[in-house]
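Notes to accompany the following structure.
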Amino acid sequence: MRQSTLATDRRGFLKAGAGLLAMTIMPSGLVVGDAWAQMPRSTKPETFAALVQMSRDCYPHDALKDASYAKAVEILDEAARSSEADLALLEDGVAKLNKAAGDKGGSDYASLANEADRAAILEAMAEDPFFQKVRSNLVVGLYNQKDLWPVFGYEGASADQGGYIDRGFNDLDWV
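Residue numbers (this note's numbering): 57 to 231.
Here is the structure:
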């Protein structure tokens, strides 16, 4: 009986230690959100986190986890690996977001708590090439994730089943 108690205590100790280790590693490159972890390959971790928050602010869906937005941002991060111009656009764009967040009393864009303040920042940047690049990437990067289609009520391609007139045309109750 005593050995079982020690094993349980040891297990608890190891779990706690792993949590402390993760908290130690995170500042050096691991970006963490709601049940997801993503290691950016070209952008800085704080840039990646800001892009995930920006993605959620541009296309807010309460039913989606940050992991879905991170998957869309991963496309931008991957493109920046082969293009210095893309990398500079993302890093400089997030620097602008962070400066605007600082003007509103925040430390950076991703941690700015007031959603209305973040929305105002994005509205002011609507014509900026950085904003346009991220926004256009999200249209494909977010909405092309097949595992998310049921969340949006999209049943997938219908051409092979005769089109939407006879299948799914009036199925959406939220439009």
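Even for Gly, the Cβ is constructed at its ideal location relative to N, Cα and C.
For Asp173, which three-state DSSP category applies?
-> Residue numbering aside, residue 173 sits at position 117 when the sequence shown is read from its first letter. The answer is helix: DSSP assigns Asp173 an H, G or I state.
Do Leu194 and Ala135 have their C-beta atoms within less than 8 Å of each other?
-> Here residue 194 is taken as the residue at index 138 of the sequence shown, counted from 1. Here residue 135 is taken as the residue at index 79 of the sequence shown, counted from 1. Going by C-beta atoms, Leu194 is not nearer than 8 Å to Ala135.
Determine the extent of the alpha helix (DSSP H) in which Glu130 is found, giving its start and end residues.
-> Locating residue 130 in the sequence shown gives position 74, where the first residue counts as 1. First-last of the alpha helix (DSSP H) with Glu130: 122 to 137.
Contacts around Val207, its chain only, beta-carbon distance under 8 Å, and the 5 residues preceding and following it disregarded | On the sequence shown, residue 207 is found 151 positions in, with the first residue counted as 1. His117, Ala119, Leu120.
DSSP state of Leu153, grouped into three classes?
-> Walking along the sequence shown from the start, residue 153 turns up at place 97. Three-state result, Leu153: helix.
Measure the C-alpha to C-alpha separation of Gly20 and Gly158 and round it to an integer number of angstroms.
-> Outside the displayed range of the chain (57 to 231) lies residue 20, so it cannot be described from this structure.
Can you give the Cα-Cα distance for Phe186 and Gly219, rounded to whole angstroms?
-> Taking the sequence shown and counting its residues from 1, the one referred to as residue 186 is at position 130. Taking the sequence shown and counting its residues from 1, the one referred to as residue 219 is at position 163. Straight-line spacing of the CA atoms in Phe186 and Gly219 works out to 37 Å.
Leu132 to Lys160, Cα distance in whole Å?
-> For the purposes of this step, residue 132 is taken as residue 76 along the sequence shown, with counting starting at 1. For the purposes of this step, residue 160 is taken as residue 104 along the sequence shown, with counting starting at 1. Approximately 27 Å between the Cα atoms of the pair.
Residue range of the alpha helix (DSSP H) that Glu102 falls in?
-> Along the sequence shown, one-based indexing puts residue 102 at 46. Looking at the DSSP string, the run of the alpha helix (DSSP H) that includes Glu102 is 101 to 114.
When the Cα of Ala156 is compared with those of Ile221, Pro96, Glu179, which residue comes out closest?
-> The residue labelled residue 156 in the question sits at position 100 within the sequence shown. When only C-alpha atoms are compared, the closest one is Glu179.
Nearest CA to the CA of Tyr115: which residue from Glu171, Glu147, Ser163?
-> If you number the sequence shown from 1, residue 115 lands on position 59. Nearest option by C-alpha distance: Glu171.
Coarse secondary structure for Tyr210, derived from DSSP in three states | Walking along the sequence shown from the start, residue 210 turns up at place 154. In the structure shown, Tyr210 sits in coil (DSSP, three-state: anything other than H, G, I, E or B).
Beta-carbon contacts of Asp142 that lie in its chain and below 7 Å, excluding the five residues immediately before and after = For the purposes of this step, residue 142 is taken as the residue at position 86 of the sequence shown. Ala135, Ala136, listed in sequence order.
Can you give the Cα-Cα distance for Gly85 and Gly209, rounded to whole angstroms?
-> The residue you call residue 85 lines up with position 29 of the sequence shown. The residue you call residue 209 lines up with position 153 of the sequence shown. Residue placement at Gly85 cannot be trusted, given a pLDDT of 44 that sits under 50; the coordinates are not used to answer.
Along the chain, where does the alpha helix (DSSP H) that runs through Leu194 open and close?
-> Position 138 of the sequence shown, counting from 1, holds the residue named residue 194. Leu194 -> alpha helix (DSSP H) spans 185 to 199.
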